[in-house]
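Residue numbering for the sequence shown follows full-length UniProt numbering, starting at 1 and increasing by one per position.
Below is one structure; the comments refer to it alone.
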Amino acid sequence: MTRILLIEDNEQIRDNAQEILQLANYEVAVAANGKEGYAQALTFNPDLIICDIMMPVLDGYGLLHLINKHEQLKAIPFIFLTAKTDRADFRKGMELGADDYITKPFTDLELMTAIESRLKKSSFIKQRLGDILIQEDFEAALSGQDTLLQLTVSETMSSFKKKQRIYGEGSYPHGLFYLVSGKVRTYKSNENGKELTTNLYTSGDFFGYNALIENTAYKESAETLENSEVNIISREDFTSLIQNNKEVAGRFIKLLARNNTEKESQLISLAYNSLRKRVADAIMTLYNKYKEAGQSDFVIYMSREDLARIAGTTTESLIRTLADFKSEKLIEAEVGYVKVLNEQKLKSLLN
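Right, dumping it as structure tokens:
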């Protein structure tokens with residue numbers, strides 16, 4: 001069972017939050033101030049800490065400072081619970097190493113969403129670190145591939161809201177992007193504002209490396225398709241790694257080659273394929289990219305506009321084609337989502 005340490009001096013808020021967390025099947029320990037909270041952290045071994053800022057004896061900032069100095073505690077996700085909304089307060093907490101803020105008053109949903117997001121991030125990082133540490137020997141652990149993985153978990157995490165731009169076409173790169181969680185698309189737009197999605201990314205993918213390697217401005221823009229967590233590996237670290245490690249350089253050369261091949265195929269599809277084939281291709285691209293292992297039913301939660309941008313068509317044409325696919329029992333389609341019903345028949349449209 002996931003363990004959460006809740007530190008809050010207001011008894012009513014503490015009791016209410018504890019009840020919510022216990023109903024969500026979390027094991028909860030509580031404390032009324034930072035000093036008690038630190039003692040609890042040492043014995044309770046929490047998976048996540050939620051802590052108020054303004055408390056007697058030892059405040060939240062002081063506690064976080066102690067947590068960060070303790071070798072066994074410093075990796076635990078830490079969320080501040082506070083009525084402070086001033087930008088300077090947020091900045092101070094983040095500089096100390098806080099992972100998130102929940103402002104009072106908060107709803108049950110806000111509390112649970114913040115917790116789930118931080119736990120997901122923590123689980124992913126532990127998994128990536130585990131992949132590095134279970135190598136057969138020390139020499140393998142020092143290989144370029146592992147160095148790259150270590151960079152993905154040691155850099156600063158940035159959170160992006162749904163539909164938030166990460167970088168824009170024409171701007172210059174300052175780092176390599178690594179998608180920890182969420183979904184991202186890259187796209188090009190013309191002078192009339194029409195957009196074409198050029199690539200899709202999911203958890204564990206690198207993106208934005210073309211411009212870094214070619215030392216040019218971005219030739220496309222990137223934005224999130226849902227709330228996402230992204231690590232940014234500095235340009236200097238990435239450049240040093242590919243210059244000094246053939247394994248890493250080889251990996252990104254292969255990624256560049258694959259991207260070029262995919263874009264050539266996309267251009268051919270736009271030029272010669274029928275509308276039905278392009279829409280089927282867009283659905284199957286999403287299916288192959290985002291369907292998880294063991295997932296029986298695959299549902300695409302995406303606006304018609306975004307799906308049209310992947311297919312390279314107008315929203316009106318996409319809607320008509322989806323209606324045809326729906327009548328043919330290939331998909332189930334409603335506003336905001338498409339569910340794949342017949343994968344094989346959709347694939348056959350691509351031949």
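Where a beta carbon is used, it is the ideal one built from N, C-alpha and C, also for glycine.
Please read all numbers here as calculations on a predicted model, not as lab measurements.
When secondary structure is reduced to three states using DSSP, TYR26 falls in the coil class, being assigned neither helix nor strand. The three-state reading of DSSP puts ASN273 in coil, since its state is none of H, G, I, E or B. Look at ASP52 here: in three-state DSSP terms it is strand. The three-state secondary structure of ALA282, taken from DSSP, is helix.
Across the set PRO46, ILE53, TYR218, GLY336, the C-alpha of PRO46 shows the shortest separation from the C-alpha of ALA75. The beta carbon of LEU341 is closer than 8 Å to those of LYS329, LEU330, ILE331, GLU332 in its chain, skipping five residues each way along the sequence.
With contacts defined by Cβ atoms closer than 8 Å, ALA311 and VAL279 form a contacting pair. With a contact defined as Cβ atoms closer than 8 Å, ASP9 and PRO56 qualify at about 6 Å. When C-alpha distances from ILE102 are compared across ALA31, ALA17, MET1, the shortest belongs to ALA17. Take TYR218, set aside five residues on each side of it, and the residues of its chain with a beta-carbon closer than 6 Å to its own are TYR167, GLU169, SER171, ALA211, in chain order. Under the DSSP assignment, ASN45 falls outside any beta strand (DSSP E); it carries neither an H nor an E label. Between ASP205 and LEU179, the beta carbon gap of about 5 Å places them in contact (Cβ cut-off 8 Å).
For ILE76, there is no enclosing alpha helix (DSSP H), as DSSP gives it neither H nor E. Per DSSP, reduced to three states, the secondary structure at ALA333 is strand. Annotated as distal: ILE67 and LEU5, with beta-carbon spacing of 8 Å or more.
Under the 10 Å beta carbon count, LYS163 is surrounded by fewer than 16 other beta carbons and is classified as exposed. Inclusion of LEU58 and GLY34 in the CB contact set at 8 Å is warranted, their separation being smaller than that value. Sixteen is the threshold: since fewer than 16 other Cβ atoms of the shown chains lie within 10 Å of the Cβ of ASP324, the residue is exposed.
Per DSSP, ALA222 is not a residue of any alpha helix (DSSP H); the beta strand (DSSP E) it occupies stretches across 221–224. Across the structure, PHE177 and ASP281 are spaced so that their CA atoms are roughly 27 Å apart.
As the crow flies, the alpha-carbon of LYS347 is around 7 Å from that of MET284.
Annotated three-state conformation of TYR301 is strand, per DSSP.
Ranked by Cα distance from THR315, the options LYS194, ALA222, SER240, PHE252 are led by LYS194. Contact check for TYR187 and LEU196: beta-carbon distance about 6 Å, within the 8 Å limit, so the pair qualifies. Secondary structure at MET1: coil, using DSSP grouped into helix, strand and coil. For THR321, there is no enclosing beta strand (DSSP E); the enclosing alpha helix (DSSP H) covers residues 315–327.
In the DSSP assignment, GLU71 falls outside any beta strand (DSSP E) and carries neither an H nor an E. Beyond the five residues adjoining it in sequence on each side, LEU111 comes within less than 7 Å, by CB distance, of ALA17, ILE20, ILE102 in the same chain, given in chain order. Under a 10 Å Cβ-count criterion, MET1 is classified as exposed, with fewer than 16 other Cβ atoms of the shown protein chains found around its own Cβ.
Selection ASN227, ASP306, GLU214, THR313 evaluated against ILE253 yields GLU214 as nearest (Cα-Cα). Its Cα nearest to that of SER189, the residue THR198 stands out among THR198, SER181, PHE80, LYS183. Exposure of LEU109 is indicated by the presence of fewer than 16 other C-beta atoms within 10 angstroms of its C-beta. Contact check for ARG276 against THR321 passes: the beta carbons are separated by less than 8 Å. Taken atom to atom, the span from the alpha-carbon of LYS69 to that of TYR201 is near 36 Å. Secondary structure within the segment 188–239: the beta strand (DSSP E) runs of 3 or more consecutive residues, fully enclosed, are 195–201, 221–224, 228–234 (chain order).
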